[in-house]
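For the sequence shown, the positions run 3 to 80 when the numbering used here is used. C-beta: ideal position from N, C-alpha, C; glycine also.
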Amino acid sequence: METLYRLPFAVLECPNIKLKRPSWVHMPSAMTVYALVVVSYFLITGGIIYDVIVEPPSVGSMTDEHGHQRPVAFLAYR
Numbered sequence: 003m004e005t006l007y008r009l010p011f012a013v014l015e016c017p018n019i020k021l022k023r024p025s026w027v028h029m030p031s032a033m034t035v036y037a038l039v040v041v042s043y044f045l046i047t048g049g050i051i052y053d054v055i056v057e058p059p060s061v062g063s064m065t066d067e068h069g070h071q072r073p074v075a076f077l078a079y080r
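And the structure:
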């Protein structure tokens with residue numbers, strides 16, 4: 003199995019590229035990381051991430067006493 007992993011590296015050679023990090027990229031402060039964690043926590047627990055992914059319908063329908071379908075904004079018992 004290890005021979006299969008070595009085969010491409012025996013044929014191909016990685017180029018010698020010297021990449022530099024842009025000068026404007028720096029390590030974020032501790033408070034920035036903390037703020038991102040807290041904001042993402044509230045977005046996830048608040049259900050906003052779920053709503054963006056699943057896209058539940060904002061309007062439902064309910065059958066009235068005559069058998070007609072009526073649109074309702076908020077369904078009862080949900």
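Would you mind stating whether A75 and V61 have Cβ atoms separated by less than 7 Å?
Walking along the sequence shown from the start, residue 75 turns up at place 73. Walking along the sequence shown from the start, residue 61 turns up at place 59. Yes; because the gap between Cβ atoms is below 7 Å, this pair is in contact.
Give the DSSP bridge partners of P73, in chain order.
In the sequence shown, the residue the question calls residue 73 occupies position 71. DSSP output for P73 lists S63 as bridge partner(s).
Among the residues of its own chain, which have a CB less than 6 Å from the CB of R72, if the five just before and after it don't count?
The count along the sequence shown starts at 1 and reaches residue 72 at position 70. Answer for R72: M64, D66, listed in chain order.
So for R23, helix, strand or coil by DSSP?
For this step, residue 23 is matched to residue 21 along the sequence shown. Here R23 sits in coil by DSSP.
Looking at the structure shown, is E4 part of a helix, part of a strand, or coil, going by DSSP?
Taking the sequence shown and counting its residues from 1, one reaches residue 4 at position 2. In this structure, E4 counts as helix in the three-state DSSP scheme.
Using DSSP with H/G/I as helix, E/B as strand and the rest coil, what is M29?
Locating residue 29 in the sequence shown gives position 27, counting from the first residue. Reduced to three states, the DSSP call for M29 is coil.
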